[in-house]
Amino acid sequence: MKKIGLTTTVPVEVLFAAGYQPVDLNNLFIVSKDYMKYIDIAERDGFPKSLCAWIKGIYGACVENGIKEIVGVMEGDCSNTKALIEVLALRGIKVYPFSFPHNHRQEDVEKEVRKFMEIFQVDLEEVEKIRQRLNRIRQLAKKIDTLTYIDYQATGFENHLYQVSCSDFNGNPDHFEVELKSVIKEIKGRNPIKKKIRLGYIGVPPMTADLYTFVQEHHAQFVYNEVQREFAFPRVDEADTIFKQYYDYTYPYDVGYRIKELKKQIERRKLDGIIHYTQAFCYRAVEDIVLKKALDIPILNIEGDKLNILDARTKLRIEAFLDMLKDLKGGIGCVY
Amino acid sequence: MRILGIDLGSREVKIAVMEDKKLIKKMRVSTMSFYRDYCNYDGKVIVDLKKLGITNIHGAISTGYGRNNTDLNKFKAINEIKAHVYGAFYQTKLKDFILLDIGGQDVKVVKVEKGMITDLELNEKCAASCGRYLENMANVLEISLDQMSKYYEKPVSLNSTCAVFSESELIGKIAEGVDVESLCAGVNYSLYKRLQPLLNKFRGRKLILTGGVANNRAIRKYLKNDYDEIISIKETQFNGAIGCCFYGSMMGKLKLEENKCIF
Ligand code: SF4
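Chains as they are written, first to last, in numbering that gives the first Met the number 0: chain X, 0 to 335; chain W, 0 to 262.
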């Protein structure tokens, strides 16, 4: 099977139907021991210091792993991706376009997915068949989510990991399904661990995954992973077509739509606070202003850059934030 | 319900007592005298409340400089940042602000949004950006701190980033015959300039200034340019102790049995 690189979640159903093995370059980058080297490669090839590390990492991972074809997301992802794709094209990598139309109209989403199918010469019937298959796996990912926020048996990190892996099903849905089933079985056998503070994680997936264990050491746990969960399409059972599925998705569209879903989940999961992760040099840091205004819940914005572990200052900030959340829960706060 | 709050500073210990969330007593004791005259030591520091003239306390909270010596016997220790933020809550009733605390030996900046600490920075390593610097320079100028803090116009430029070198720089300026107003303003301005890189990360609208240096008029004047509003609080030096009391009052409400004295 030919590998095809992804810079973000795209309709993988189409790619599987076309006989490709999708590889999420983000995952390839972040789980690698060489992650710093990948950033380095990009900087040596001229990517500026002042650019988001994800973009550089993806670039390095793509080049170093000999990925020859990628899907380029032209709309709905950040503009840095557009520039990244141009450089990759320059290096002889074949780029297939895909867009999440910013206007978020259903017919436009459908048009884009159809275009995508045309490029890969697959028909709707094949795609839907794959979609049904993948949806069964998505349900398993959803199970991990409920094991996190209802049963407290899965950790926030596990939740993060398995949701995020649904962007490419680790390149092999069959294997991934087997893995998920065995993980679920193992998790179900555990004693639930419930911490004092219920946290939500919002924003792009973190460079610094140790965040999950760090909060656990401070009486808190993540019971919601926003974007990771979106990657796994939690509302897929309500979508009767692939078009609906990619329409009913929050991450690449406007922030207002995202906020609606956030509010629902804050309620449902009874969150005490939110950690909003943004990447240094990412425009999404600006969205923090909107989110803090729109959401009536304590929010801490933390920023990651190149390092894949939390720095001392960020740790101190998280500690102080969690400390106060704990007070607040105990009825102590700024209520005068 | 009476709550005692003690803020163990590097120079002075600040003590406050709150009864039903009202401040009823405050006092300052030099750090030296606090430990020597009012405390015993038995594995942990035991405060002699009788000597301090404090009775009928239901709960006691301590905070202060450094991490290890703030945990007094029978006191609940909370970290300084928290104590100051709670003090600011009590004194301003605001929920969104930047708190700048310039103490004798350290500087803290805290960002509070929706009643939560969301960012902070501590600077404990630099003698040139805290109260001690002003004291030393006032000594060199043979002027009182209070007097020195009045001057902000035409500051003579003092460029050294180090407290020790600043002193000789200042002496150089004295020798050049620069007038005392400009010298004073120069000292104030140089402290402000050293705070600036720290404050750059903490843009916001409202600034609350606490700690001993909060009364420095020149520094307030300079800071006015950077924020929409400098919020005045009454007890700048007692803010930490007050925060302890306030925090304790809230805790006490939950945990302490009414009328049962723990001392
Ligand atoms: S973190 Fe921000 S800048 Fe980086 S790739 Fe994602 S959206 Fe773009």
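Ideal Cβ positions, reconstructed from N, Cα and C, are used throughout, including at glycine. This one's a predicted model, so the numbers in the text were calculated from it and none came from an experiment.
Quick one: is W:E168 near chain B, going by C-beta distance under 8 Å?
Looking at the structure shown, chain B is missing, and the protein chains on hand are X and W.
Is it right to say W:M17 is buried, meaning 16 or more other beta carbons lie within 10 angstroms of its own, or is it exposed?
buried
Under 7 Å: does the beta carbon of X:N134 sit that close to some heavy atom of the ligand SF4?
no
Taking Cβ positions, are X:I288 and X:I265 nearer each other than 8 Å?
no
Cβ closer than 8 Å: which chain W residues qualify as neighbours of X:A16?
Here the premise fails: no neighbours, minimum Cβ distance about 46 Å.
CA-to-CA distance, W:G239 to W:G102, given in whole angstroms:
11 Å
Measure from the alpha carbon of W:Q90 to the alpha carbon of each residue in W:F237, W:G247 and W:G42, then state which is nearest.
W:F237
Along the chain, where does the alpha helix (DSSP H) containing W:F164 start, and where does it finish?
A162 to A174
Flag X:V94 as yes when its Cβ comes closer than 7 Å to any non-hydrogen atom of the ligand SF4, and as no otherwise.
no
Taking 8 Å as the threshold (beta carbon to beta carbon), is W:K172 in contact with chain X?
no
Does the CB of X:F320 have a neighbour CB from chain W at under 8 Å?
yes
State yes or no: is the C-beta of X:I274 within less than 8 Å of the C-beta of X:L306?
no
Would you grab the beta carbon distance between W:S290 and W:N187 for me? Rounded to a whole angstrom, and I think it's under 8 Å.
Here chain W covers residues 0 to 262 and nothing more, so residue 290 of chain W does not appear.
Output, in chain order, the set of chain X residues within a Cβ distance shorter than 8 Å of W:D227.
In chain order: nothing, as chain X lies at least about 17 Å away.
Assuming X:N158 contacts X:N102 under a Cβ cut-off of 8 Å, what Cβ separation, rounded to an integer in Å, is found between them?
No, X:N158 and X:N102 are not in contact; Cβ-Cβ is about 32 Å, not under 8 Å.
What ranges does the alpha helix (DSSP H) occupy inside the segment 278–309 of chain X, keeping only unbroken runs of at least 4 residues that lie completely in it?
283–293
What are the boundary residues of the beta strand (DSSP E) that includes W:T209?
K205 to T209
Does the beta-carbon of X:I54, which I'm using as the reference point, lie nearer than 7 Å to any heavy atom of the ligand SF4?
yes
Return the bridge partner residues of W:I23 from the DSSP annotation.
The partner list for W:I23 (beta bridge, DSSP) is empty, contrary to what the question assumes.
Please state whether DSSP places W:N258 in a helix, a strand or coil.
Below a pLDDT of 50, predicted positions are generally treated as unreliable, and W:N258, at 45, falls in that range; the measurement from the model is reported next regardless. W:N258: coil per DSSP, three-state reduction.
Comparing the CB of X:Q278 with every heavy atom of the ligand SF4, is any distance shorter than 7 Å?
yes
Just to make sure I have the definition right: I need the residues of chain X whose C-beta is within less than 7 Å of the C-beta of W:I80. Which are they?
A319
Determine the direct distance from the alpha carbon of W:T117 to that of X:I317, and round the result to whole angstroms.
8 Å
Taking the DSSP output, what are the residues bridged to W:V12?
W:L7 and W:V28
For the ligand SF4, I want to know if X:E158 counts as a neighbour, meaning its beta carbon is within less than 7 Å of at least one of the ligand's heavy atoms.
Rather than Glu, the amino acid found at residue 158 of chain X in this sequence is Asn. X:N158: no, Cβ never under 7 Å from the ligand SF4.
Own chain residues within Cβ distance below 7 Å of X:A153, not counting five before or after
I143, L146, T147 and I186
Please specify which runs of the alpha helix (DSSP H), each continuous and at least 4 residues long, are wholly inside the segment 50–118 of chain W, giving them in chain order.
79–91
For the ligand SF4, any of its heavy atoms closer than 7 Å to the Cβ of W:V106?
no
Is X:R316 close to chain W, meaning its C-beta is less than 8 Å from at least one C-beta of that chain?
yes
Sequence-distant residues of its chain with Cβ nearer than 7 Å to W:I229 (five each side left out)
L206, L208, R219, L222 and K223
Chain W partners of X:I331, CB-CB under 8 Å?
Y246, M249, M250 and L253
Please check if any C-beta of chain W sits within less than 8 Å of the C-beta of X:L270.
no
Could you tell me which residues DSSP pairs with X:F97 in its beta bridges?
X:V72
Whether or not the segment 117–128 of chain X and the segment 8–23 of chain X are in contact is what I'm after, with contact meaning three or more pairs of Cβ atoms, one per stretch, closer than 8 Å; do they touch?
yes
Mapping the DSSP letters down to three states, classify X:G91 as helix, strand or coil.
coil
Chain X beta carbons: is any one of them nearer than 8 Å to that of W:M136?
no
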